[in-house]
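Student: In the numbering used here, each number is its position in the sequence shown, counted from 1, plus 12.
We treat Cβ as the ideally placed atom computed from N, Cα and C, and that holds for glycine.
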Amino acid sequence: MTSSEAILQARSVRKTFGGVVAVAVDSLDVEPGRITSLIGPNGAGKTTFFDIVTGFVRADGQILFDGYPIHGKPTHVIARSGLVRTFQLTRALSRMSVLENMMLASPDQPGERLGGLIRSAFQVNRIEREVRGHAEELLDRFNLTPLTNEYAGRLSGGQKKLLELARALMNRPRMVLLDEPMAGVNPALGEQLLGYVQELRDDGMTFLLVEHDMDVIMRVSDRVVVMSDGRIIADGSPGEVRADPAVVTAYLGEHGADVVASATEDDE
Ligand SMILES: Nc1ncnc2c1ncn2[C@@H]1O[C@H](COP(=O)(O)OP(=O)(O)OP(=O)(O)O)[C@@H](O)[C@H]1O
Ligand SMILES: [Mg+2]
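#1: Would you call the CB atoms of Val25 and Gly79 closer than 8 angstroms?
#2: Under a three-way DSSP split, which group does Met239 fall into?
#3: According to DSSP, which residues form a beta bridge with Ile245?
#4: Closest by CA to Ala200, which one among Gly169, Met226 and Val222?
#5: Name the DSSP bridge partner or partners of Arg26?
#6: Does the distance from the CB of Met182 to the CB of Met114 come in under 8 angstroms?
#7: Per the DSSP calculation, Pro81 is bridged to which residue(s)?
#8: Please classify Asp41: does DSSP put it in a helix, a strand, or coil?
#9: If you compare alpha carbons, which of Gly165, Leu189 and Ser240 is closest to Val42?
#10: Give me the DSSP bridge partner(s) of Thr60.
#11: Across which residues does DSSP place Leu190 in a beta bridge pair?
#12: Which class does Ile51 belong to by DSSP, given the choice of helix, strand or coil?
#13: How would you write the range of the beta strand (DSSP E) that Val96 sits in, first residue to last?
#14: What did DSSP end up calling Leu20 once you bin it into helix, strand or coil?
#15: Going along the chain, which residues put their C-beta within less than 7 angstroms of some heavy atom in ligand 2?
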């Protein structure tokens, strides 16, 4: 892939916490319209890499989204440019309804100023209708309509994960970073979430997916990138990565034995 085809380009991205090198990624290009998975043992630097790309953590290096530099930009500017993320721990506001959570996630939330001017009541009404319509459309797509007026705090773990993804989509992003979207989700809801991600990918959205479940990774990824100790140690198709001895070694001593077992189980 030439770099001009990549929607996300990371170069010489480096972050240390105290003496620990959390991320040391020399080069990563993410192709648009694909599900690229980012895997690796606990502490490999996956979440920190997401934090850096989405502006939550400052780091050295260059990051281009759609050809434009985004490193050092505030999170909301990056989100508005079309790049959003979900969190390993969901961040829904539990004392607000599902619909309110959705509407607050919109970059056009009616309370915001527009170009330094306070919007007129008429504009606020129109924008609010549009935002609400978009929120309802997404809730419908994620089968969350019956929960529209429920407090987010009363949702199950899996429903919160669906809401987290639906909230991210309020930005109408072109690329979404998903940090363990399936963790703690029951299998049926998990499959549903995965199905939506694949549908959105088929519609042209780009995903970078962090996930520990190797069956899921092998099934949905167009490409798998493996991190260990902050570095990228393997990169290829699911089959290539699964067969890579460096990957097996990186996982051994962690939950490596399980990973290797589950990755080889479904060898046909
Ligand atoms: N805010 C922080 N302060 C200090 N160290 C941190 C901080 N955030 C992450 N680290 C360290 O950076 C390294 C990478 O952590 P990170 O959370 O990015 O890993 P991860 O691949 O997401 O792991 P997991 O699979 O467990 O979620 C770890 O050694 C971690 O302890
Ligand atoms: Mg993590």
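Tutor: Checking against the coordinates, here is how it stands:
#1: No, the pair does not count as a contact, with Cβ atoms beyond the cut-off.
#2: DSSP places Met239 in strand when its eight states are reduced to three.
#3: None, per the DSSP bridge assignment.
#4: Here the closest residue by C-alpha is Gly169.
#5: Its beta-bridge partners are Ala36 and Asp72.
#6: Contact: yes.
#7: Paired residues: Leu76.
#8: Under the three-state reduction of DSSP output, Asp41 falls in the strand class.
#9: For Val42, the closest C-alpha among the options Gly165, Leu189 and Ser240 is that of Leu189.
#10: Bridge partners of Thr60: none, in fact.
#11: In the DSSP assignment, the residues bridged to Leu190 are Leu221.
#12: The answer is strand: DSSP assigns Ile51 an E or B state.
#13: Where Val96 is concerned, the enclosing beta strand (DSSP E) stretches over Leu95 to Arg97.
#14: In the three-state scheme derived from DSSP, where H, G and I count as helix and E and B as strand, Leu20 is classed as strand.
#15: Applying a distance threshold of 7 angstroms between residue Cβ atoms and the heavy atoms of ligand 2 selects Lys58, Thr59, Gln100, Asp191, Glu192 and Val222, given in chain order.
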